[in-house]
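Trainee:
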Amino acid sequence: SVVFLLGSGVFIMLIIGVMLSISPLLGSKQISEYDKNSPFECGFDPMGIGHLNFSVRFFLIAVIFLIFDVEIALLLPLMVILSSSNMMIWGVLNLIFLLVLSFGVFYEWWEGALDWKI
Amino acid sequence: MFVIVLKLILLMMFILISVAFVTLLERKILGYMQKRKGPNKLGFKGILQPFSDAVKLLVKESLLLNLVNLMIYLLSPVVILLISLFLWITYPSFLGGLEVSLPIIFILCCLSASVYPMLGSGWSSNSKYSMLGSLRAVEQTISYEVSLAILLLSLVVINSSFMLKKLFSDSMLIILILFPIAILWLISALAETNRTPFDFAEGESELVSGFNTEYSASGFVLFFLAEYSSILFMSLFFSVLFLGGVDLFLNLSFLTSVLVFLFIWVRGTLPRLRYDKLMELAWKIMLPLSLVYLLLFTGISLMISISSV
Numbered sequence: 001s002v003v004f005l006l007g008s009g010v011f012i013m014l015i016i017g018v019m020l021s022i023s024p025l026l027g028s029k030q031i032s033e034y035d036k037n038s039p040f041e042c043g044f045d046p047m048g049i050g051h052l053n054f055s056v057r058f059f060l061i062a063v064i065f066l067i068f069d070v071e072i073a074l075l076l077p078l079m080v081i082l083s084s085s086n087m088m089i090w091g092v093l094n095l096i097f098l099l100v101l102s103f104g105v106f107y108e109w110w111e112g113a114l115d116w117k118i
Numbered sequence: 001m002f003v004i005v006l007k008l009i010l011l012m013m014f015i016l017i018s019v020a021f022v023t024l025l026e027r028k029i030l031g032y033m034q035k036r037k038g039p040n041k042l043g044f045k046g047i048l049q050p051f052s053d054a055v056k057l058l059v060k061e062s063l064l065l066n067l068v069n070l071m072i073y074l075l076s077p078v079v080i081l082l083i084s085l086f087l088w089i090t091y092p093s094f095l096g097g098l099e100v101s102l103p104i105i106f107i108l109c110c111l112s113a114s115v116y117p118m119l120g121s122g123w124s125s126n127s128k129y130s131m132l133g134s135l136r137a138v139e140q141t142i143s144y145e146v147s148l149a150i151l152l153l154s155l156v157v158i159n160s161s162f163m164l165k166k167l168f169s170d171s172m173l174i175i176l177i178l179f180p181i182a183i184l185w186l187i188s189a190l191a192e193t194n195r196t197p198f199d200f201a202e203g204e205s206e207l208v209s210g211f212n213t214e215y216s217a218s219g220f221v222l223f224f225l226a227e228y229s230s231i232l233f234m235s236l237f238f239s240v241l242f243l244g245g246v247d248l249f250l251n252l253s254f255l256t257s258v259l260v261f262l263f264i265w266v267r268g269t270l271p272r273l274r275y276d277k278l279m280e281l282a283w284k285i286m287l288p289l290s291l292v293y294l295l296l297f298t299g300i301s302l303m304i305s306i307s308s309v
């Protein structure tokens, strides 16, 4: 199965490589002018550096996503072991885990971490 | 072995052709929804339009800007198309086929991994528009991925398995039971694929073209194909999960087409959300709802298990 995935990856890369290399080979001649090579800013000369300053709210959303993604990763095996586990333990474990997570969401909401402040 | 390779090759070929025709479908449907015809000059009623589009895009002049991080700039469209095409390996064929173990985890991993090329393309383009577009697209994608995954887990817990084959059902009426989850999942899928009403990545009135701004010719083609391929895959996935799509007598293909039409219909109907409303929808509405649905379905699964003992 791993070999199969690798093989299919190689195959897809071949297709993409063909598509990507058609354009420089068959395309128009590349004439480098100042206007074409500078970043697009609606016709004006680009002002300042090309990147943005660090943005805290994007970082905050990413951190919150990280927490919930780890939670999903921990939740993944719990969903499929019902048939091979003690039902009481499975039920209680699942309930407590999901309740803690829901409480986490509501706590963050209450603390204002989920507001998209301007 | 040879049959598997043949299946893979055919699958990829047909998907790339389908993606080309989905672009034509979108333009024609949007045209008819706006009381005009879409492209209908080339071929019979415009059938050859995608091929001429492809040729036009591929023979454009491919620019290379100054101060661009070359490796990331060139690799980002390749990687995102690679990941979007990888998703298709999990296609649930009725006759067996390309067996991926744990398809649902594979799909979640691919969706999560497709965030990186978006980020890379915005960063390496050295342009403020691209950077903004890619940041907003990345934030939107990761916010909705959480609720997407949790809703998928609700279905997984009923079937107790990650195989897509377990989700086949006899009739389409399964959606009546799973209706709320289906709607929430559809909204998350719309947001994942950066479609209207969530198309901040390419909001043409706000940013010029999002993280695609500094790409021309083949880079743009690859991004474009990746986006439509993921739209097609999300439609397929929805049909498999909620509409009981069995790949028999073109049932699944028909349902996928209906879903693609729904995606395009939504694009032609709804305006774009404001960004803070998008975030509020993801974190304050969809996430608590999906967690609660997961609790509910865990309970249902437990009760089924108790009653069957």
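So the protein lines, in turn, are chains A and B. Sequential numbering from 1 applies to the first sequence in the UniProt record's numbering. Sequential numbering from 1 applies to the second sequence in the UniProt record's numbering. Here a beta-carbon is modelled for each residue, glycine too, at the ideal position from N, C-alpha and C. Note that the structure is predicted; figures quoted are calculated from it, not measured.
1) Along chain A, in chain order, which residues have C-beta atoms closer than 9 Å to that of B:S76?
2) Is A:L114 close to chain B? Criterion is C-beta to C-beta, closer than 8 Å.
3) Based on Cα-Cα distance, which residue from B:L186, B:S101, B:K284 lies nearest to B:I264?
4) Buried or exposed: where does B:K128 fall if 16 or more other Cβ atoms within 10 Å of its Cβ makes it buried?
5) Compare the C-alpha of B:F290 against each of A:V56, A:G7, A:L25, A:F68 and name the closest.
6) Out of B:I105, B:I142, B:P180, point me to the one whose CA is closest to B:S114's CA.
7) Please report the distance separating the alpha-carbon of B:A137 from that of B:M172.
8) Reducing DSSP to helix, strand and coil, say where B:S205 ends up.
9) Helix, strand or coil for B:E61 per DSSP?
10) Taking the C-alpha atoms as reference points, what is the distance between B:D247 and B:L255?
11) When DSSP labels each residue in this structure, what does B:I264 get in the three-state scheme?
12) Looking at B:A282: is its Cβ nearer than 8 Å to the Cβ of B:S147?
13) Check B:M172 in the structure and name its three-state DSSP category.
14) Looking at chain A, which residues of the region 271-296 of chain B have a Cβ within less than 8 Å of any of its Cβ atoms?
15) With burial defined as no fewer than 16 other Cβ atoms inside 10 Å of the residue's Cβ, what is the status of B:P271: buried or exposed?
16) Show which residues of chain B have a CB atom less than 7 Å away from the CB atom of A:N94.
17) Excluding the five sequence neighbours on either side, which residues of its own chain have a C-beta within less than 8 Å of the C-beta of residue 310 of chain B, listed in chain order?
18) Buried or exposed: where does A:N94 fall if 16 or more other Cβ atoms within 10 Å of its Cβ makes it buried?
19) Run through the region 221-258 of chain B for me and flag every whole beta strand (DSSP E) of 3 or more residues, listed as ranges in chain order.
20) Check the C-beta distance from A:F71 over to A:L101 and give it rounded, since I have them as a contact under 8 Å.
21) Count the other CB atoms, across all protein chains shown, that sit within 10 Å of the CB of B:Y293; report buried if there are 16 or more and exposed otherwise.
22) State the Cα-Cα distance for the pair A:G112 and A:I61, rounded to the nearest angstrom.
23) Does chain A have any CB closer than 8 Å to the CB of B:F168?
24) At 4 residues or longer, what runs of the alpha helix (DSSP H) sit wholly inside the region 33-119 of chain B?
25) Compare the Cα-Cα distances from B:F198 to each of B:K166, B:M13, B:I181, B:Y144 and report the closest residue.
26) What does the alpha-carbon distance come out to for the pair A:L25 and B:S52?
27) By how many angstroms is the C-alpha of B:I47 removed from the C-alpha of A:M13?
28) Which of helix, strand or coil does DSSP assign to B:N126?
29) Starting from A:D69 and walking both ways along the alpha helix (DSSP H), at which residues does that stretch end?
30) Going straight from the alpha carbon of B:L58 to that of B:S84, what length do you get?
31) Is it buried or exposed for A:W110, if we count other Cβ within 10 angstroms and need 16 for buried?
32) Report all residues from its chain with a CB closer than 8 Å to the CB of B:S205; omit the five preceding and five following residues, and keep chain order.
33) Looking at chain A, is there any beta carbon in it that lies within less than 8 Å of the beta carbon of B:E192?
34) Any Cβ of chain B within less than 8 Å of the Cβ of A:W109?
35) May I ask you to list, following chain order, the residues of the region 142-159 of chain B that have a beta carbon less than 8 Å from some beta carbon of chain A?
36) Whose CA, out of B:I4, B:I15, B:G219, B:S101, lies closest to the CA of B:S161?
Mentor: Let's see:
1) Result: empty, since nearest Cβ-Cβ is about 12 Å, beyond 9 Å.
2) With a threshold of 8 Å between beta carbons, A:L114 makes contact with chain B.
3) Taking each of B:L186, B:S101, B:K284 in turn and checking the Cα distance to B:I264, the smallest one comes out for B:L186.
4) B:K128 should be labelled buried.
5) Note that residue 290 of chain B is Ser in the sequence shown, not Phe. When only C-alpha atoms are compared, the closest one is A:F68.
6) Ranking B:I105, B:I142, B:P180 by Cα distance to B:S114 puts B:I142 first.
7) So the two alpha carbons sit approximately 33 Å from each other.
8) Since pLDDT at B:S205 reaches only 49, below the 50 mark, its modelled position is unreliable, and no value is offered.
9) The answer is coil: DSSP assigns B:E61 none of H, G, I, E or B.
10) Inter-residue distance for B:D247 and B:L255 is about 10 Å (C-alpha atoms, whole angstroms).
11) B:I264: helix per DSSP, three-state reduction.
12) Taking 8 Å as the cut-off, the Cβ atoms of B:A282 and B:S147 count as close.
13) In the structure shown, the three-state DSSP call for B:M172 is coil.
14) Contact annotation: in the region 271-296 of chain B, residues whose CB is within less than 8 Å of a CB in chain A are Y275, D276, M279, E280, W283, K284, L287, P288, L291, V292, L294, L295.
15) So B:P271 ends up on the exposed side.
16) Chain B residues near A:N94: T298.
17) No information on residue 310 of chain B is available, as it lies outside the stretch 1 to 309 that chain B covers here.
18) Classification for A:N94: buried.
19) Within the region 221-258 of chain B, no run of beta strand (DSSP E) reaches 3 residues while sitting entirely inside it.
20) The sequence shown places Glu at residue 71 of chain A, rather than the Phe named in the question. Here A:E71 really is in contact with A:L101; their C-beta atoms are around 6 Å apart, less than 8 Å.
21) Of the residues assessed, B:Y293 falls on the buried side of the cut-off, its CB having 16 or more other CB atoms within 10 angstroms.
22) Going by the C-alpha atoms only, they are around 12 Å apart.
23) For B:F168, the closest Cβ of chain A is not nearer than 8 Å.
24) Every alpha helix (DSSP H) stretch that sits fully inside the region 33-119 of chain B and reaches 4 residues is listed by chain position as 49-58, 70-86, 103-113.
25) Taking the Cα of B:F198 as reference, the smallest distance to any Cα among B:K166, B:M13, B:I181, B:Y144 is reached at B:Y144.
26) The alpha-carbon separation between A:L25 and B:S52 amounts to approximately 18 Å.
27) Cα-Cα distance, rounded: 28 Å.
28) In the three-state reduction of the DSSP assignment, B:N126 falls in the coil class.
29) Unbroken alpha helix (DSSP H) run through A:D69: 56-75.
30) Taking the Cα positions, B:L58 is about 20 Å away from B:S84.
31) Its Cβ having fewer than 16 others within 10 Å, A:W110 is exposed.
32) Confidence at B:S205 is low in this model, with a pLDDT of 49, below 50, so the placement of that residue should be treated as unreliable; the coordinate-derived value is given next. Closer than 8 Å at the Cβ level, and outside the excluded window around B:S205, lies no residue.
33) B:E192 has a beta carbon lying at 8 Å or more from every beta carbon in chain A.
34) Yes, because at least one Cβ of chain B sits closer than 8 Å to the Cβ of A:W109.
35) Listed in sequence order: I142, S143, E145, V146, A149, I150, L153, V156, V157.
36) Comparing Cα positions, the closest option is B:S101.
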